[in-house]
Each structure stands twice: as C-alpha cells, then as structure tokens.
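In full-length UniProt numbering, the protein residues as written are 1 to 197.
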C-alpha cells in the first residue's frame, strides 16, 4: 500500500505559532508514501477511486458524512482515522460512531509502526468486506426461508396436509415451472394475501 488519500476540511492549527504541525501527509510522505489531500467532497470522491486507503483527518462528528461521500463515489479501500490532538479534542462528545475503521494513525508513530498499521488495516478491511458479504447472503437466505415457511403454512391449511408434504409440493411446483422455490412461495403467499383482503 503506497498511494494514500488524506481527507481534511479544516487547516491544521499549530500548538504554538512557530511550530509546524505534524500532519498525516507530512508523516506518511516522510516514510515513503505517496499522499494526496482532499478538502472538498468532489475532490475526495475523485481521488478515493485511485487511493489504496483513505485517512480521515477529521473530528469523529464529521466522519459519517465523509464516509457517506466516499461511498457515493464507490470508494472501496481501507479507512483509517488520524488521531491527533486536534481531532481527538474535537471528538470528545462523539466518541461513539457507526463507522467501522480499519485502523488508526497517530503523529507519534514510527515508520515501521505506520507500515504495520497500514498492513493490518488492509487485512481488517478484507475481513470486514467478507463479513458484510456473508451477512447479506445470510439475510437473503432468512428472507427466502420466511416466504417458504409462510407458503408451507398456507398450503398445509388449504390442502389439509402436513408441512413436510406442503414442502414437497412447493419443491415439485418449482421444479415443474423451472423456478426457484422462493419465487413460487412468494407467488403463493401474495396470491393468498390478495384473496384474503
């Protein structure tokens, strides 16, 4: 991972007037990473498409908005938070966020610590994406199961047969019509609901 995007909407304020603030782009650039900075939504969406990871140099209160912006642009890369005095102090009120970060970077990190944080963030991101996909598949199966169970109950009641026989009837009907069983079940339930109303 070498190409990174930093999203920051406000300029970093130095602790004292003569001190140069340590920003993520300065720290990462000094450790050999190619860093681009975005301060607007359009810029962030455009640059996120080519970045291998996005680093949010924002307060936690602003994070959700920017994550949604990145999602609109179909950005699909690890997401890290820059936890520094300026972002941490402005985040005290909103320490609970819905966003799932893949890692956190701090100004005190050394080169190897940054490398390993980005490495583990990439792995965490892949695992998170896999879990999201598995969760969607399970939800879809549960939804299918609900339709099939409702159709079995309707067939059992109407035909005065057991649920096992109703299941076999559903399966045979799906095979005969070359349809998925859930599609046949959905049609039965909807037709029954229409006739009942």
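Here a beta-carbon is modelled for each residue, glycine too, at the ideal position from N, C-alpha and C.
I need the straight-line Cα distance from residue i to residue j, nearest angstrom please.
| i | j | result |
| --- | --- | --- |
| residue 40 | residue 105 | 22 angstroms |
| residue 197 | residue 164 | 28 angstroms |
| residue 172 | residue 135 | 29 angstroms |
| residue 150 | residue 160 | 15 angstroms |
When you compare the CB positions of residue i and residue j, do they come within less than 9 angstroms of one another, or not?
| i | j | result |
| --- | --- | --- |
| residue 33 | residue 2 | yes |
| residue 167 | residue 188 | no |
| residue 152 | residue 170 | yes |
| residue 110 | residue 80 | no |
| residue 70 | residue 44 | yes |
| residue 87 | residue 108 | no |
| residue 31 | residue 115 | yes |
| residue 78 | residue 124 | yes |
| residue 132 | residue 97 | no |
Applying the 10 Å Cβ sphere with the 16-neighbour rule, what's the burial state of residue i?
| i | result |
| --- | --- |
| residue 54 | buried |
| residue 103 | buried |
| residue 100 | exposed |
| residue 67 | buried |
| residue 50 | exposed |
Over the uninterrupted beta strand (DSSP E) stretch that includes residue i, give me the two end residues.
| i | result |
| --- | --- |
| residue 40 | No beta strand (DSSP E) contains residue 40, which DSSP labels as neither H nor E. |
| residue 54 | 53-56 |
| residue 104 | 103-105 |
| residue 80 | 79-82 |
Which same chain residues, not among the five before or five after residue i, have their C-beta less than 7 angstroms away from its C-beta?
| i | result |
| --- | --- |
| residue 82 | 24, 55, 56, 57, 105 |
| residue 182 | 144, 147, 148 |
| residue 177 | 184 |
| residue 76 | none |
| residue 192 | 154 |
Excluding the 5 residues preceding and the 5 following residue i in the sequence, name in chain order all residues of the same chain whose CB lies nearer than 6 angstroms to its CB.
| i | result |
| --- | --- |
| residue 36 | 5, 47 |
| residue 180 | none |
Since residue i is in the alpha helix (DSSP H), which residue starts that stretch and which ends it?
| i | result |
| --- | --- |
| residue 7 | Here residue 7 belongs to no alpha helix (DSSP H); instead the beta strand (DSSP E) covers 3-7. |
| residue 97 | Note, residue 97: premise wrong, no alpha helix (DSSP H); not H, not E. |
Counting only the same chain and skipping the five closest in sequence on each side, list residues whose C-beta sits under 8 angstroms from that of residue i.
| i | result |
| --- | --- |
| residue 156 | 162, 163, 165, 166 |
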